[in-house]
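Colleague: Handing you a structure now.
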Amino acid sequence: MPEADPRRGGGAHAVSLPRTFFVAAGRNVWGDRLFQACLYAMVALFVAIVAGIVGALVVESLPAARHFGLSFVVGQDWDPVKESFGALPFIYGTIVSSLLGMAVAVPLGIGAAIYLAEIAPFPVRSPVGFLIELLAAVPSVVYGLWGIFVLAPFLRQWVQPALGSTLGWLPLFKGPPYGVGMLAAGLILSVMTVPFIATVGREVLLAVPNSQREAALALGSTRWETTWIAVLPYGRSGLIGAVLLGLGRALGETMAVTMVIGNRPEISVSLFAPGYTMASVLANEFTEATSDLYLSALVQIGLLLLVVTVLVNAFARLLVWTVGGAVKGIRE
Amino acid sequence: MSVATRRFVLNRVMGFLCGTAAALVILPLILVFAFLLYQGGSSINLEFFTHTPTPVGESGGGMANAIVGTLILIGLACGLGLPVGILGGLYVADSQDSHLPSVVRFLADVLNGVPSIVIGIFAYTLVVLPMKRFSALAGGVALGVIMIPIVLRTTEEIIRLVPASLREAGLALGLPKWKVTVRIVLASARAGITTGVMVAIARIAGETAPLLFTAFGNRFWHHGLDQPIAALALQIFAYAISPFDDWHRQAWAGALVLISIVFLVSLAARLATRDLQRQMR
Amino acid sequence: MADGLQVTELNAWFGERQVLMNVTLRVPSNAVTALIGPSGCGKSTFVRCINRMHEVVPGARSSGQVLLNGDDLYGPGVDPVMVRRRIGMVFQKPNPFPTMSVFDNVAAGLRLAGVRDKNLLYDVVERALRQAALWDEVKDDLYKSGSSLSGGQQQRLCIARAVAVQPEVLLMDEPCSALDPIATARIEELILDLKKDLTIVIVTHNMQQAARVSEWTGFFLLGELIEIGVTRDLFTHPREQKTEDYITGRFG
Chain A
41 MPEADPRRGG
51 GAHAVSLPRT
61 FFVAAGRNVW
71 GDRLFQACLY
81 AMVALFVAIV
91 AGIVGALVVE
101 SLPAARHFGL
111 SFVVGQDWDP
121 VKESFGALPF
131 IYGTIVSSLL
141 GMAVAVPLGI
151 GAAIYLAEIA
161 PFPVRSPVGF
171 LIELLAAVPS
181 VVYGLWGIFV
191 LAPFLRQWVQ
201 PALGSTLGWL
211 PLFKGPPYGV
221 GMLAAGLILS
231 VMTVPFIATV
241 GREVLLAVPN
251 SQREAALALG
261 STRWETTWIA
271 VLPYGRSGLI
281 GAVLLGLGRA
291 LGETMAVTMV
301 IGNRPEISVS
311 LFAPGYTMAS
321 VLANEFTEAT
331 SDLYLSALVQ
341 IGLLLLVVTV
351 LVNAFARLLV
361 WTVGGAVKGI
371 RE
Chain B
4 MSVATRRFVL
14 NRVMGFLCGT
24 AAALVILPLI
34 LVFAFLLYQG
44 GSSINLEFFT
54 HTPTPVGESG
64 GGMANAIVGT
74 LILIGLACGL
84 GLPVGILGGL
94 YVADSQDSHL
104 PSVVRFLADV
114 LNGVPSIVIG
124 IFAYTLVVLP
134 MKRFSALAGG
144 VALGVIMIPI
154 VLRTTEEIIR
164 LVPASLREAG
174 LALGLPKWKV
184 TVRIVLASAR
194 AGITTGVMVA
204 IARIAGETAP
214 LLFTAFGNRF
224 WHHGLDQPIA
234 ALALQIFAYA
244 ISPFDDWHRQ
254 AWAGALVLIS
264 IVFLVSLAAR
274 LATRDLQRQM
284 R
Chain C
5 MADGLQVTEL
15 NAWFGERQVL
25 MNVTLRVPSN
35 AVTALIGPSG
45 CGKSTFVRCI
55 NRMHEVVPGA
65 RSSGQVLLNG
75 DDLYGPGVDP
85 VMVRRRIGMV
95 FQKPNPFPTM
105 SVFDNVAAGL
115 RLAGVRDKNL
125 LYDVVERALR
135 QAALWDEVKD
145 DLYKSGSSLS
155 GGQQQRLCIA
165 RAVAVQPEVL
175 LMDEPCSALD
185 PIATARIEEL
195 ILDLKKDLTI
205 VIVTHNMQQA
215 ARVSEWTGFF
225 LLGELIEIGV
235 TRDLFTHPRE
245 QKTEDYITGR
255 FG
């Protein structure tokens, strides 16, 4: 029984609602159906886009795949004029620059994650965490700009000569100091991936239940010992996931690397030598691809890049999602 | 050294090392920003914001067309990214279907990790090849695809936070389900979704790689969305690798403008998130 | 009066909120003292002040004196880490380290203290597991993960881990509340054994449990210690009206 409308100043008589109120309710089933249809349409579009990315890459790369077969992956010769395309220099460059970047970024990133999650005084945590997130927001081209005009000259003038004179007998440090090259690329990749490892690592460590820390503390452990025996083992798989996420980023990083790696499709052991990555050759040569085979070869490199980064990322997500689950859960 | 002292010293040393790691992580941020201010600060003037690039070798000129171009590309990207992202996120958060929501969530995470240049290739095959020219449209499609996973995941998280009691109140009032979702749930999630969109925009504003062979860049004002268009990040790249000092100067200035926009938007998003969290408690 | 725990005028705060008011009591050694009271009355906070775990929470602080066998636990220059070495703690939910085996869990405290001798470790671990009445059940599976045990076994594992370092006091914060009656009974049995070697303080919301295992019982309400005395006397002729009201179930 509808009550008196209080806006009308109260009267005890019942107000009857117009019939259209109840009839409209029935019509709204179509509203629901239409809305659901919109949702599903967008989902379908999304799935189509994802499938489209894979499909487009596969289709466009088929001519090159058919032409070169497996020799594409192991061939070292990248000659657009002769139409001979071997992608090994790029695969090598991508792997080496990424590994170099990770070698620096992993200890720094995990150390920073531990600092943020376990050690830093509480007022410091939020601002420092925010600064690290800002690092992740800096566009790649800006890092590249800094790399060309600050990092590379610095390497050329100070670091490479120093390394060359002290450790120059190692094949790693042979060659003229260009500044740009594999070393610069590796360093700039480490600068760019460290914030990801630190941020995700911090989340992983914060997710470790406090009861674990308390158990260690109650035994009389120092703060570092608590981190070492209770927090880090618990978050181990999540931390590995964070590192892999960083690796995924490093593999696909394009602009900053292109601007400092020297862009020479050669395989060299020396870190001083210029190199080339899969993403960089795409950036540099895609618009210059004169023939269909050239374009197809480039797209095939794109496909390789896609497959590798997707695999690394999927594996990383799996690990990050199961922090505490990879370790068998405590049965009640 | 006794065991107790060793443990004490180790505690201090490790604390120091981790703090040093954090400081080293932040150091590049300070270095980059300092250099941008130093190198680019002096080149920021009215001409920078109002003029287009001058011919090769002449000094002066600005990046007005690039700034406008970036704004246009962001607008186009939102045209694709917002509907798919928001409605997709709504679907994943609300749907009772058994498998599709988690598949969509997984695909969104995967898409998030795809290198942006690969997405550029996709936009190239989808838009540039059929149209037989580079265009703003192609650039917008590429950036839109990059936006989708970010918007989708943040929308999903925000919608999940909306308390069920709010929905029930709407249903109890006699509103149909779709109105409850649109009028009540989306409305209360509006702040959070806007924040997610801002984060996504900050990300695509700085993207260069996917635009290299879609939007392609333009030294002049574009003449239509089916034409190549300039973008701030593209222009910075082109100037940076050029041999002209004057262009290098402008690249620094452009980078300063770009990073300032990105930082401001990120900061705003961060503050909004903190307010939201306080509200939700 | 030099042995056992002597707590004098202990106050504790979480930020601005005071949760313990002027608590003074003595815990006799080699005996079991139970602390009862309704939820939120401060008994857990009290116990966490004894082994200086309370101050780990950001914004938490305390004042007052805690003497362990004459030593001032809050004295100037006293390292909380060393305090926690002398006082063990078992928590409400069993929290063994999931990445460590049974053996490593029990040995964790010893290894922290620098013990490396494998034979010594093994002997101490066996003794601790026997004290926790767990040895027979795990002696063939010492190297299996700590989380592969049942709830009751995990809690006994945590007890073994705590007693392995031979603390002077063992604090138990509602150790059986997450366990079934049979597991509870086994733990109550081993408490009666443990008190020969150490002083035990057990927080419990189960009055029958307090009556079963303890010699002394203290009743807390809203942050104050209302009454403390011989268990049998407290339950049969409590001195305070509030104690009687709680025991007879009029609240809490």
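Read top to bottom, the protein sequences are chains A, B and C.
According to my numbering, the stretch in the first sequence is residues 41 to 372, in order.
According to my numbering, the stretch in the second sequence is residues 4 to 284, in order.
According to my numbering, the stretch in the third sequence is residues 5 to 256, in order.
Quick reminder that beta carbons are idealized off the backbone N, C-alpha and C, glycines included.
Just so we're clear, the structure is a prediction, and the values are computed from it rather than from any experiment.
Roughly how many angstroms separate the alpha carbons of residue 49 of chain C and residue 189 of chain A, rounded to a whole number?
Modeller: In this structure, the straight-line span from the alpha carbon of residue 49 of chain C to that of residue 189 of chain A is close to 59 Å.
Colleague: According to DSSP, is residue 317 of chain A helix, strand or coil?
Modeller: In the structure shown, residue 317 of chain A sits in coil (DSSP, three-state: anything other than H, G, I, E or B).
Colleague: DSSP beta-bridge partners for residue 304 of chain A?
Modeller: Its beta-bridge partners do not exist; DSSP assigns none.
Colleague: Among the residues of its own chain, which have a CB less than 7 Å from the CB of residue 187 of chain A, if the five just before and after it don't count?
Modeller: 224, 228, 296, 299 and 300
Colleague: Run through DSSP, which three-state label would residue 209 of chain A get?
Modeller: coil
Colleague: Taking the alpha carbon of residue 8 of chain C as the point to measure from, which residue in C/30, C/111 and C/25 has its own alpha carbon closest?
Modeller: C/30
Colleague: Who are the Cβ neighbours of residue 145 of chain A in its own chain at under 7 Å, not counting the five residues just before and after it?
Modeller: Listed in chain order, the non-local C-beta contacts of residue 145 of chain A below 7 Å within the same chain comprise 230, 233, 234, 237 and 286, local neighbours out to five positions each way being set aside.
Colleague: Per DSSP, residue 69 of chain C is paired with what?
Modeller: C/12
Colleague: Starting from the C-beta of residue 63 of chain A, find all residues in its chain whose C-beta is less than 7 Å away, skip the five residues before and the five after it, and write them out in chain order.
Modeller: Model confidence at residue 63 of chain A stands at a pLDDT of 49, short of 50, so the residue's coordinates are unreliable and nothing is read from them.
Colleague: Tell me whether residue 26 of chain C sits in a helix, a strand or coil according to DSSP, three-state version.
Modeller: If DSSP states are grouped into helix, strand and coil, residue 26 of chain C belongs with the strands.
Colleague: How many Å lie between residue 2 of chain B and residue 104 of chain C at the Cα?
Modeller: Nothing about residue 2 of chain B can be read from this structure; chain B reaches only from 4 to 284.
Colleague: Using a beta-carbon distance cut-off of less than 7 Å, what residues from the region 117-131 of chain C approach chain B?
Modeller: 117 and 118
Colleague: Looking at residue 156 of chain C: is its Cβ nearer than 7 Å to the Cβ of residue 198 of chain C?
Modeller: In this structure, residue 156 of chain C sits away from residue 198 of chain C, with a CB-CB distance that is not shorter than 7 Å.
Colleague: Could you tell me if residue 44 of chain B is buried or exposed, where buried requires 16 or more neighbouring beta carbons within 10 angstroms of its beta carbon?
Modeller: With a threshold of 16 other beta carbon atoms within 10 Å, residue 44 of chain B falls short and is exposed.
Colleague: If distances are taken between C-alpha atoms only, which option among B/15, B/197 and B/182 comes closest to residue 84 of chain B?
Modeller: B/197
Colleague: Name the chain C residues whose beta carbon is nearer than 9 Å to that of residue 252 of chain A?
Modeller: In chain order, 99, 101 and 102 make up the part of chain C whose C-beta sits under 9 Å from the C-beta of residue 252 of chain A.
Colleague: Among the residues of its own chain, which have a CB less than 7 Å from the CB of residue 196 of chain C, if the five just before and after it don't count?
Modeller: 217
Colleague: Measuring only the C-alpha atoms, how far is residue 124 of chain C from residue 16 of chain C?
Modeller: 40 Å
Colleague: For the region 4-17 of chain B, enumerate the residues whose C-beta is nearer than 9 Å to any C-beta of chain C, in chain order.
Modeller: Residues passing the 9 Å Cβ filter: 5, 6, 7, 9, 10, 11 and 14.
Colleague: Is the shortest distance between the beta-carbon of residue 180 of chain B and the beta-carbons of chain A less than 7 Å?
Modeller: Chain A contact via Cβ: present.
Colleague: Quick check on residue 364 of chain A - is its C-beta less than 7 Å from some C-beta in chain B?
Modeller: Reliability of the predicted coordinates at residue 364 of chain A is poor, the pLDDT of 40 falling under 50, and no value is obtained from them.
Colleague: Counting C-beta neighbours from all protein chains within 10 Å, is the total for residue 156 of chain B 16 or more, i.e. buried, or is it exposed?
Modeller: buried
Colleague: Can you round the beta-carbon distance between residue 132 of chain B and residue 90 of chain A to whole angstroms, since I take them to be within the 8 Å contact cut?
Modeller: That belief does not hold up - the Cβ atoms of residue 132 of chain B and residue 90 of chain A are roughly 19 Å apart, past 8 Å.
Colleague: Ordered along the chain, which non-local residues of its own chain (more than five positions away) have a Cβ less than 6 Å from that of residue 307 of chain A?
Modeller: 129 and 132
Colleague: Going by beta carbon distance, what residues of the same chain come within less than 7 Å of residue 130 of chain C, once the five residues before and after it are set aside?
Modeller: 139
Colleague: Whose C-beta lies closer than 7 Å to the C-beta of residue 146 of chain C among residues of the same chain, with five residues either side of it excluded?
Modeller: 105, 106 and 107
Colleague: Can you tell me whether DSSP reads residue 370 of chain A as helix, strand or coil?
Modeller: Unreliable positioning characterises residue 370 of chain A in this predicted model, as indicated by a pLDDT of 27, which lies under 50. The coordinate reading is nonetheless provided below. DSSP places residue 370 of chain A in coil when its eight states are reduced to three.
Colleague: For the pair the region 264-284 of chain A and the region 201-217 of chain A, tell me if three or more CB-CB distances fall below 8 Å.
Modeller: no
Colleague: Determine whether the beta carbon atoms of residue 231 of chain B and residue 119 of chain B lie at a separation below 7 Å.
Modeller: Contact check for residue 231 of chain B against residue 119 of chain B fails: the beta carbons are separated by 7 Å or more.
Colleague: According to DSSP, is residue 63 of chain A helix, strand or coil?
Modeller: Annotation note: pLDDT 49 at residue 63 of chain A (below 50); position unreliable, coordinate value reported separately. The answer is helix: DSSP assigns residue 63 of chain A an H, G or I state.
Colleague: Should residue 134 of chain A go down as buried or exposed, given a rule of 16 or more other Cβ atoms within 10 Å for buried?
Modeller: buried
Colleague: Please specify which runs of the alpha helix (DSSP H), each continuous and at least 4 residues long, are wholly inside the region 224-291 of chain A, giving them in chain order.
Modeller: 250-258 and 263-266
Colleague: Please state whether DSSP places residue 196 of chain C in a helix, a strand or coil.
Modeller: helix
Colleague: Inspect the beta-carbon positions of residue 356 of chain A and residue 242 of chain A and report whether they are closer than 7 Å.
Modeller: Not a contact, by the Cβ cut-off of 7 Å.
Colleague: Give me, in chain order, the residues of the same chain whose beta-carbon lies closer than 7 Å to that of residue 265 of chain B; leave out the 5 immediate sequence neighbours on both sides.
Modeller: Only 205, 208 and 209 meet the Cβ criterion.
Colleague: Determine the direct distance from the alpha carbon of residue 354 of chain A to that of residue 208 of chain C, and round the result to whole angstroms.
Modeller: 47 Å
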